[in-house]
Structure formats: C-alpha cells, structure tokens
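Numbering-wise, the sequence shown is residues 1 to 170 according to this note's numbering.
Note that beta-carbon positions come from the ideal geometry of N, C-alpha and C, so glycine has one too.
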Amino acid sequence: MSIVAKKHLPYGLLAISGLIAASDQVVKWLVQQSMAYGESIPVTPFFNWVHVWNTGAAFSLFADGGGWQRYFLIAIAVVVSIVLIRLILQCRRRGEAIAYSLILGGAMGNLIDRIFRGYVVDSFDVYWQSWHWPAFNLADIAIVLGTVLFLYVSFIPEKSGTNVELDGSG
Numbered sequence: 001m002s003i004v005a006k007k008h009l010p011y012g013l014l015a016i017s018g019l020i021a022a023s024d025q026v027v028k029w030l031v032q033q034s035m036a037y038g039e040s041i042p043v044t045p046f047f048n049w050v051h052v053w054n055t056g057a058a059f060s061l062f063a064d065g066g067g068w069q070r071y072f073l074i075a076i077a078v079v080v081s082i083v084l085i086r087l088i089l090q091c092r093r094r095g096e097a098i099a100y101s102l103i104l105g106g107a108m109g110n111l112i113d114r115i116f117r118g119y120v121v122d123s124f125d126v127y128w129q130s131w132h133w134p135a136f137n138l139a140d141i142a143i144v145l146g147t148v149l150f151l152y153v154s155f156i157p158e159k160s161g162t163n164v165e166l167d168g169s170g
C-alpha cells in the first residue's frame, strides 16, 4: 500500500463510520414515517419489521431509570466515540481499525437517537416460535460486527511486515 493510501485510510474508515450512522438514521426515519409505534409486520417465519423504542442501553438495561439514563448513555457514547476516533487514527492493524470504525458508526447512530429523540428506535425483531431476541437496529448490527471482528483479529498473531501503519509513519 502506498504511503498516500496509508495516510488517508483512517479518514476513509471515519467516512465509513459516518455512512453507517447515516444509513442507520435513514432506516429509523423510514420506520417512524411508515409505522405506528408498537406496530409489527411479519416478514418471514423468524423475522418481524417492528417499531419500538429503547430508552435504556443494550437489552433495555436501565430503561426504567426515570430519565437520568439518557444523559448517562449520551456521555458514555461521546467518550467512547472520542476514544474510537483516536484508535482509528493511531491504529497500526487494518482489521482493528475496521472493527473500530464499525463500532464507531453504530455508536454514533444510537447517539444521534438519544440526543434528538431521547430514545433509540429499534426495528428488527428476530424470533423462534415464542422466543424473541430483543429488538435491535442497524447501529446495533454494526457494533456487534465490529466487536466480533475486533475479537477475531486480536487472536491472530501479528506477523512482521504484514501490519499496515495507518498513520503513514512507516
């Protein structure tokens, strides 16, 4: 990879994070425009398109917190986003940087919801018979994929000469 490409790769990954957040917002907007709150549309025998809100964190943790959780979760998301941006800009392994950009895009998508709506819009409901996984959204998918990718690349030993120095210093 050329030095120019190495130098600009982190900014491309940040752009991907922005694209993930924007795509997440488009899907959420479409859900809110086309469905009533609480509505569920069966798509397959194991998937519903739904319109639900989550005022809490993952799996509705803190959802009944009385309002304080919104600001707490906003603060956490801002701090995590700043850390992820720094990690993307400083990261020397491409796989890790891609994982960070996926997580950042998802965190930003849900952060935008918390700031402007006060809750996160969820639209995907996966289930089997009467068991339902908690509803989730595109941002959540990006966060999970980024986390899985990060775990995967952390177990791959670094080989000399294969690391991509994203900051262009090498």
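Extent of the continuous beta strand (DSSP E) to which residue i belongs
i: tryptophan 49; result: 47-54
i: isoleucine 41; result: 40-44
Bridge partner(s) assigned by DSSP for residue i
i: tryptophan 131; result: Trp128
i: aspartate 171; result: A question about residue 171 goes unanswered here, because the residues of the chain that appear run from 1 up to 170.
i: aspartate 122; result: Val52
Coil, strand or helix - residue i by DSSP
i: proline 10; result: helix
i: phenylalanine 136; result: strand
i: phenylalanine 155; result: coil
i: alanine 36; result: coil
Residue i to residue j span [Cα, whole Å]
i: arginine 93; j: histidine 51; result: 38 Å
i: phenylalanine 246; j: leucine 138; result: The requested residue 246 is not part of the displayed model; the chain covers only 1 to 170.
i: serine 154; j: leucine 73; result: 27 Å
i: valine 26; j: isoleucine 156; result: 35 Å
i: alanine 107; j: lysine 159; result: 31 Å
i: methionine 1; j: valine 80; result: Only weak support is given to the placement of methionine 1: the predicted model assigns it a pLDDT of 49, under 50, and the value that follows is read from those uncertain coordinates. Those two C-alpha atoms are separated by around 29 Å.
i: phenylalanine 78; j: valine 43; result: Note on residue identity: the sequence assigns valine, not phenylalanine, to residue 78. The alpha-carbon atoms of valine 78 and valine 43 are separated by roughly 35 Å.
i: serine 34; j: valine 121; result: 13 Å
i: phenylalanine 136; j: leucine 14; result: 23 Å
i: serine 130; j: alanine 97; result: 39 Å
i: isoleucine 82; j: glutamate 39; result: 35 Å
i: isoleucine 143; j: glycine 12; result: 18 Å
i: tryptophan 68; j: isoleucine 76; result: 13 Å
i: asparagine 110; j: leucine 30; result: 15 Å
i: arginine 114; j: alanine 21; result: 13 Å
i: serine 123; j: valine 148; result: 22 Å
i: histidine 132; j: arginine 70; result: 25 Å
Beta-carbon spacing of residue i, residue j below 7 Å
i: serine 17; j: leucine 104; result: yes
i: leucine 89; j: tyrosine 100; result: no
i: threonine 55; j: tyrosine 119; result: yes
i: leucine 145; j: leucine 102; result: yes
For residue i, the first and last residue of its enclosing alpha helix (DSSP H)
i: methionine 108; result: 94-116
i: alanine 77; result: 68-90
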